[in-house]
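Position 50 of the sequence shown, counting from 1, maps to 50 under the UniProt record's numbering, and the rest follow consecutively.
All residues carry an ideal CB built from backbone N, CA and C; glycine is no exception.
Report on the structure given below.
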Amino acid sequence: MENYVKQHCFDNENVSRYYLSPYVYIVQTDEGLYVGREDDEREFCFYEEVDVYIQLFHKLSEGMTEGEIYRYLEEYFSEKSNEILSLLIGGGIVE
């Protein structure tokens, strides 16, 4: 992965979209997918459905609306989708 911060320029087309924070790092290991912020001590590990999270993070790097994120999570995690979305936003993974 490159060592740079990706910034987003907002306009009328993308102002309502959520993006993967430019301060996030993602590391895949045999245990799971570790996601954290470089600017603080927060780190989360996803042990299940790693491929689903990887695909979600790729989509978030391009920007998604809250509805698109929720629908994606509903498809794979149904009853846990609200909890996961809150974790991603509250944990600073998604801005």
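Tell me which residues share the same chain as residue i and place their Cβ nearer than 7 Å to its Cβ, disregarding the 5 neighbours each side in the sequence.
i: I69; result: Y18 and L85
i: G92; result: S21, R37 and R42
i: Y76; result: E49 and V52
Throw me the rounded Cβ distance for the residue i and residue j pair, which I believe falls under 8 Å.
i: G63; j: C45; result: No, G63 and C45 are not in contact; Cβ-Cβ is about 25 Å, not under 8 Å.
i: L56; j: Y72; result: 6 Å
Is it right to say residue i is buried, meaning 16 or more other beta carbons lie within 10 angstroms of its own, or is it exposed?
i: S21; result: buried
i: E2; result: Confidence at E2 is low in this model, with a pLDDT of 49, below 50, so its placement is unreliable and no value can be given for it.
Using only alpha-carbon positions, find the residue among the options that is nearest to residue i.
i: D40; options: Y25, L87, S81 and E66; result: Y25
i: I54; options: S16, G90 and V27; result: V27
i: E66; options: Y23, D30 and E95; result: E95
Whole alpha helix (DSSP H) runs in the stretch 27 to 82 with 4 or more residues, listed along the chain? 50 to 62 and 66 to 77
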